[in-house]
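All residue numbers for the sequence shown refer to the numbering used here, where the first residue is 22 and numbers rise by one.
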Amino acid sequence: MDAAALPFPDRDLLAECALCPRECRAARSAGELGWCRTGADLSLGAICLHRGEEPAIGGRHGIANLFFTRCNLCCVHCQNHEISRTRGPIEERETTLREALDEVEALLAGGVRHVGFVSASHAVPQALGLLRALAERRPRPVLVWNSNAYEKPETLRMLTGLVDVFLPDFKYADGDLAERLSGAPDYPEVAARAIREMARQKGTNLLLDDGGLAESGLLVRHLVLPGHVENSLACLRFLAADLGPSVPISLLAQYEPIPAVAGDPDLGRRLRPEEYEAVVKEAVRLGFFRGYTQSLAEAPAHYSPAFRSRHPFEEHDRR
Ligand code: SF4
């Protein structure tokens, strides 16, 4: 595909890319690749219906998720590794904005209200083209920014008025752990600044419609990692102190080891009930009262999506 032919109004941002905190200054629009190994075209791992998000995100119809390929973080345990890794081949397809919009439109025609942008932090110019088109659609879908929070406030400000719901992770409060697992020792401070910007734009609540579906706001996710409960407790303490315990949180227990971490004594196993219970107990102690927990007993046998399939979540929705 000829990148120059793509109608991205913001492609100048890719001339010397500093979209994310890595600030590689790669000339992506001229074919150079930076840390994220992502070009200037629109590359997606999947556009698909997902019924496994939190109940307010999608509801019974599910959310139309656009999974962007590659990543600016690349966690060693990433459950979307088939499309996210920055080295080696991935499952991907280049598409045009029009083709992507047509696929989303087909899902919206089936009653879907939410459209999710999953891991688009390093592809903001490409995402902006889609966001603007969808924001003008009537009825307007609820546009959800589902990110790792390794993002710059000034880049997030480009999304002002377009994103309805911010759905960031807060992965690490421990910089050493962030370096070891995601190559980002500054993750705690960077993510804190990013989530503050999201809260500035959308507040620290998740507003629901009469049917219980999210319309606007912020929901912070945290995936509890096996063997790293202290990090989870520190994340909760930070969120309570920084945003206040009224901020909605989603504590995820669905961690599933991928082959890359099979030999790791912690990341090579599932989460134990007592680890998750310790994290939930701390959330209650800190006064969090909005959000979601998961039941380990009801956790699916397999969570990791299969991006080789046209319907990556068909056989194992998250909740
Ligand atoms: S988005 Fe990619 S190329 Fe741009 S600064 Fe971040 S890692 Fe580097």
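Glycine included, every Cβ here is placed at the ideal spot set by N, Cα and C.
Pull up the DSSP beta-bridge partners for residue i, would you.
{"i": "Glu210", "result": "Its beta-bridge partners do not exist; DSSP assigns none."}
{"i": "Asp190", "result": "Arg242"}
{"i": "Leu273", "result": "Leu244"}
{"i": "Trp166", "result": "Phe138, Phe187"}
{"i": "Cys69", "result": "Asn86"}
{"i": "Gly312", "result": "Ile270"}
{"i": "Ser105", "result": "Ser105 pairs with nothing; no bridge assigned."}
{"i": "Ser64", "result": "Glu115"}
With respect to 8 Å, is the separation between the Cβ of residue i and the closest non-hydrogen atom of ligand 1 below this value?
{"i": "Ser142", "result": "yes"}
{"i": "Arg49", "result": "yes"}
{"i": "Cys69", "result": "no"}
{"i": "Trp56", "result": "yes"}
{"i": "Thr59", "result": "yes"}
{"i": "Glu200", "result": "no"}
{"i": "Pro174", "result": "no"}
{"i": "Cys96", "result": "no"}
{"i": "Asn169", "result": "no"}
{"i": "Ala127", "result": "no"}
Taking only three categories from DSSP, how would you classify residue i?
{"i": "His249", "result": "coil"}
{"i": "Asp338", "result": "Residue confidence is low: Asp338 scores 39 on pLDDT, short of 50, so the model does not pin down where it sits. No coordinate-derived value is stated."}
{"i": "Ser237", "result": "strand"}
{"i": "Gly79", "result": "coil"}
{"i": "Ala47", "result": "strand"}
{"i": "Cys41", "result": "coil"}
{"i": "Leu202", "result": "helix"}
{"i": "Ala24", "result": "Unreliable placement is indicated for Ala24, whose pLDDT of 41 sits below 50; the coordinate value is still reported in the next sentence. Note: Ala24 maps to helix in three-state DSSP."}
Does residue i come within less than 9 Å of chain C when only Cβ atoms are used?
{"i": "Gln100", "result": "Annotation note: the requested chain C is absent from the structure, which comprises a single protein chain."}
Is the beta carbon of residue i within less than 8 Å of some heavy atom of ligand 2?
{"i": "Leu122", "result": "Of the ligands this structure carries, namely ligand 1, none is ligand 2."}
Legend entry - Inside the region 110-148 only - beta strand (DSSP E) runs reaching at least 3 residues: 114-116, 135-139
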